[in-house]
Amino acid sequence: MRLTSDKIRGLGGNSSANKILVSRLKWIEWLIIVTFILFSTRLWQLQIIEGGRNTKLADQNGIRNITLMAPRGVIVDRKGRPLVINQPSYNAYLMRDRIKNRTETLQYLSQGLRLPEEDVLLRLEKFRSAPSFQPIVIKEALSINDIAFIESHQVEHPEVRITHEPRRFYPYGSLAAHLIGYVGEISESQLRGGDLPDPKPGDIVGKAGLEKQYNTLLMGKDGKKRVVVNSLGREISELSRQDPIIGTQLTLTLDLDLQLAAERLLEDKTGTVVALNPQNGEVLAMASHPAFDPNSFASHISVRDWQELLSNADHPLQNRALQSMFSPGSVFKVIMAFAGLEENVLTPQTSVICSGGAYIYGNLFHCHKVHGFVNLNRAIAASCNVFFYNLGKNLGIERIARHAMQLGLGRKTNIDLPDEKSGLFPTPEWKERIQGEKWFAGETISVAIGQGSVTVTPIQLAKAISAIASGKISQPHVLLHPAVPTNPTDTPQKKSPADLFTVLHADTNKETQYPMDGSQTVLLSDRNRQIVVRGMWSVVNEGGTGGAARITGLDVCGKTGTAQLISLKGKSKLTEGEKSRFEHNAWFVGFAPRDNPELMIVVMVEHGGAGGRASAPIAGALFREYFVPKPSDSLPLQQTTIDVP
0 MRLTSDKIRG
10 LGGNSSANKI
20 LVSRLKWIEW
30 LIIVTFILFS
40 TRLWQLQIIE
50 GGRNTKLADQ
60 NGIRNITLMA
70 PRGVIVDRKG
80 RPLVINQPSY
90 NAYLMRDRIK
100 NRTETLQYLS
110 QGLRLPEEDV
120 LLRLEKFRSA
130 PSFQPIVIKE
140 ALSINDIAFI
150 ESHQVEHPEV
160 RITHEPRRFY
170 PYGSLAAHLI
180 GYVGEISESQ
190 LRGGDLPDPK
200 PGDIVGKAGL
210 EKQYNTLLMG
220 KDGKKRVVVN
230 SLGREISELS
240 RQDPIIGTQL
250 TLTLDLDLQL
260 AAERLLEDKT
270 GTVVALNPQN
280 GEVLAMASHP
290 AFDPNSFASH
300 ISVRDWQELL
310 SNADHPLQNR
320 ALQSMFSPGS
330 VFKVIMAFAG
340 LEENVLTPQT
350 SVICSGGAYI
360 YGNLFHCHKV
370 HGFVNLNRAI
380 AASCNVFFYN
390 LGKNLGIERI
400 ARHAMQLGLG
410 RKTNIDLPDE
420 KSGLFPTPEW
430 KERIQGEKWF
440 AGETISVAIG
450 QGSVTVTPIQ
460 LAKAISAIAS
470 GKISQPHVLL
480 HPAVPTNPTD
490 TPQKKSPADL
500 FTVLHADTNK
510 ETQYPMDGSQ
520 TVLLSDRNRQ
530 IVVRGMWSVV
540 NEGGTGGAAR
550 ITGLDVCGKT
560 GTAQLISLKG
570 KSKLTEGEKS
580 RFEHNAWFVG
590 FAPRDNPELM
600 IVVMVEHGGA
610 GGRASAPIAG
620 ALFREYFVPK
630 PSDSLPLQQT
640 TIDVP
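Per numbering that gives the first Met the number 0, the sequence shown starts with residue 0, numbered consecutively.
What follows is the structure in structure tokens.
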């Protein structure tokens, strides 16, 4: 029997007490009604208005879609020897939508996984605009202790998960690091850029070198699986699976043995070595020192280590072969000689008398020694400045510039590597446009010996001197042949005619096609070219400045160069401690054999002094390595410990 306020009044009794009781019952009735209305409203909101969303969330708590990362394509040298591979790795992911207490999570990651708190904050900031349900990598290459720590704290911190993924591994460490490049986690700008197919936070992409140049081919295609998980996020069963497709293998023009030798010869120097096949432009070696270990990037380089690389005065991240621009010094005399012959300004019999300098336009221009009577061949062999001062005066800057640019100076070679510099070949028009000044005739005299405003990259010189050696201009490239995608339908690589070689330029994302043998146009007079080659042979074999590159039984041709960084007068004012920083850059360019050359080498040692002393011996050792191989010269693989549970 329900006791209502009306029935209470009908019972009689103390009217005052009844009124109080009736009043209280009315409040209770209203409270029950209001509670019921609120409960019904909330139930209606959850089931009707937010029903779809809540159903989806409930499914996600029990069913999860997991991305299966595709292993990147391996990279091998011309003989199939691995330069870059993949190894298994366990990574820690942070599920940002499951973070309950940000401060506690930061402390947990910082203390338990030994991660600097600022690194974690930077990662969170990096992907701030990405959807919170997308997990982000918080630590790669977990150790056994890391894995045990995360597993033992799953109840308190379910927001941190472990995944098993392939990780990039460079078995030779810093070998060819600038050419191969490195990988890293995708940036927020790359996520928004639209250049990558289906980018996600945590994706590993190429950041430099070939890893960047051919990133689309190397990435492959990720797979996915749909699994049932428990409340701790552990997989219970697998509902469906689509396996990943491995990226395309890249076979390079690189010769591992020659590359190892180049790296070994540069290990205590700052400089670069470029070795090409002058017949087709294949890059056989490209070393730049100091270098870096790309394995540091594969396991997520720390902020401190990254800053140390950036602030290093020797610029270890810079590929000196194509990103550094230097005065060519006397190696430019090879191009000057060819230009003079082509323009009929000189003949092999043209001679001058060198008394240690020459007055031209009222100014004294010095030579490094007194050479006496010199003709063209002797001028190349002894690197006589006076001969080339006069040649520069007779040619003029316009004709010098035209021949230099035809051979590839002052413009990018378009090698299939990113971030190449174009160098500079000065002209009167350039000076007027950039500096607002007229060209002085005396500047031509400096350019004639590779000084003044002219700057080149080593790869440009390699291309130019290869043309002198072979008679044709070749396109430098590091991919041995057009890559065949593992899954052609998923790769935006254009199909090319069988006789064309396609180069993808990462800077512009455009493709250029070249003949498969690397040649573009044969435009060098063979007669004039052979005259210059004869002089280069004398540099090495007839008492010239490059005798240190001589190999018994092999016709090596070359040219040394010593490029001043400061005038002799200015250098005399420096202290002994300062002079080393302004020591001349040392060059050597050369090829062998003399007829039908197979190998062209450029060596540049920064602050090395004379090219004949610092660079020619390196080139000689590389010619010996290539033509007289020794079976035990290969260096061992880098010993790297990887924790795999």
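Note that beta-carbon positions come from the ideal geometry of N, C-alpha and C, so glycine has one too. Note that the coordinates shown come from a computational prediction; the quantities given were computed from them, not determined experimentally.
{"query": "Would you report the Cα separation of Leu-321 and Asp-415, rounded to the nearest angstrom?", "result": "11 Å"}
{"query": "Are the beta-carbon atoms of Glu-648 and Leu-216 separated by less than 8 Å?", "result": "Look at the range of the chain in this structure, 0 to 644, and you will see that residue 648 is not part of it."}
{"query": "Please report the straight-line C-alpha distance between Pro-417 and Gln-106, rounded to a whole angstrom.", "result": "40 Å"}
{"query": "Report the three-state DSSP secondary structure of Trp-29 (helix, strand or coil).", "result": "helix"}
{"query": "Ends of the beta strand (DSSP E) at Val-83?", "result": "81–93"}
{"query": "Per DSSP, which residues does Ile-74 bridge with? Please list them.", "result": "Val-83, Leu-249"}
{"query": "Taking the alpha carbon of Ile-62 as the point to measure from, which residue in Lys-224, Glu-397, Gly-545, Ser-537 has its own alpha carbon closest?", "result": "Lys-224"}
{"query": "Looking only at C-alpha atoms, which of Gly-543, Glu-442, Val-351, Leu-255 sits nearest to Lys-78?", "result": "Leu-255"}
{"query": "Taking just the CA atoms, how far does Phe-291 sit from Gln-306?", "result": "13 Å"}
{"query": "Taking DSSP as the reference, what is the three-state secondary structure of Tyr-169?", "result": "coil"}
{"query": "Pull up the distance between the alpha-carbon of Ser-88 and that of Pro-170, whole angstroms please.", "result": "15 Å"}
{"query": "Thinking just about the alpha-carbon of each residue, which of Val-604, Val-385, Leu-345 is nearest to the one in Glu-582?", "result": "Val-604"}
{"query": "Where does Asp-202 land, buried or exposed, given buried means 16+ other C-beta within 10 angstroms?", "result": "buried"}
{"query": "Rounded to whole angstroms, what's the CA-CA distance from Glu-541 to His-370? Just pull it up for me.", "result": "15 Å"}
{"query": "Residues in the same chain with beta-carbon distance under 6 Å from Gly-648, minus the five sequence neighbours each way, listed in chain order, please.", "result": "A query on residue 648 cannot be resolved here, the shown segment of the chain reaching from 0 to 644 and no further."}
{"query": "Out of curiosity, what's the CA-to-CA distance linking Ser-495 and Leu-478?", "result": "With a pLDDT of 42 at Ser-495, under the threshold of 50, the modelled position of this residue cannot be trusted; read the value that follows with caution. Taking the straight line from one Cα to the other gives about 15 Å."}
{"query": "Just the Cα atoms here: how many angstroms apart are Gly-610 and Arg-377?", "result": "18 Å"}
{"query": "Using DSSP bridges, identify the partner residues of Met-603.", "result": "Thr-271, Trp-586"}
{"query": "Measure from the alpha carbon of Phe-69 to the alpha carbon of each residue in Gln-248, Ser-39, Asp-118, then state which is nearest.", "result": "Note on residue identity: the sequence assigns Ala, not Phe, to residue 69. Residue Gln-248 is the option with its Cα nearest to Ala-69."}
{"query": "Return the chain-ordered list of same chain residues with a C-beta closer than 7 Å to the C-beta of Ile-235, the five sequence neighbours on each side being excluded.", "result": "Val-227, Val-228, Asn-229"}
{"query": "Closer than 6 Å by C-beta to Phe-387: which residues in its own chain qualify, once you throw out the five before and the five after it? Chain order, please.", "result": "Lys-332, Met-335, Ala-447, Ile-448"}
{"query": "Distance, Cα to Cα, His-367 vs Val-385?", "result": "9 Å"}
{"query": "Going by beta carbon distance, what residues of the same chain come within less than 8 Å of Ser-239, once the five residues before and after it are set aside?", "result": "Lys-224, Arg-225"}
{"query": "Excluding the 5 residues flanking Arg-659 on each side, which residues of the same chain have their C-beta closer than 7 Å to its C-beta?", "result": "Residue coverage of the chain in this structure runs from 0 to 644, which leaves residue 659 outside it and unanswerable."}
{"query": "Measuring only the C-alpha atoms, how far is Arg-220 from Asp-304?", "result": "What sits at residue 220 in the sequence shown is Lys, not Arg. The straight-line gap from Cα to Cα measures roughly 31 Å."}
{"query": "Does the region 424–432 come into contact with the region 451–462, if we say contact requires no fewer than three beta-carbon pairs (one atom in each stretch) closer than 8 Å?", "result": "yes"}
{"query": "In or out: Ala-147 buried (at least 16 other Cβ within 10 Å) or exposed?", "result": "exposed"}
{"query": "Run the CB neighbour count on Ala-440, radius 10 Å, all protein chains shown included, and call it buried at 16 or more, exposed below.", "result": "exposed"}
{"query": "With Tyr-107 as the anchor, note down where its alpha helix (DSSP H) starts and where it stops.", "result": "101–111"}
{"query": "Between the region 95–112 and the region 157–174, are three or more C-beta pairs nearer than 8 Å?", "result": "yes"}
{"query": "Report the rounded CA-to-CA distance for Ala-403 versus Thr-559, giving the unit in angstroms.", "result": "18 Å"}
{"query": "Spatial neighbours of Leu-308 within its chain, please: C-beta separation below 7 Å, excluding the five flanking residues on both sides.", "result": "Phe-291, Pro-315, Leu-316"}
{"query": "What span of residues does the alpha helix (DSSP H) with Tyr-388 cover, start to end?", "result": "384–394"}
{"query": "Among all the DSSP beta bridges, which residues are the ones paired with Glu-164?", "result": "Ser-88"}
{"query": "Does chain C have any CB closer than 8 Å to the CB of Leu-37?", "result": "Absent from the structure is chain C; it holds one protein chain and no more."}
{"query": "Under the rule that 16 or more other beta-carbon atoms within 10 Å means buried, what is Pro-196, buried or exposed?", "result": "exposed"}
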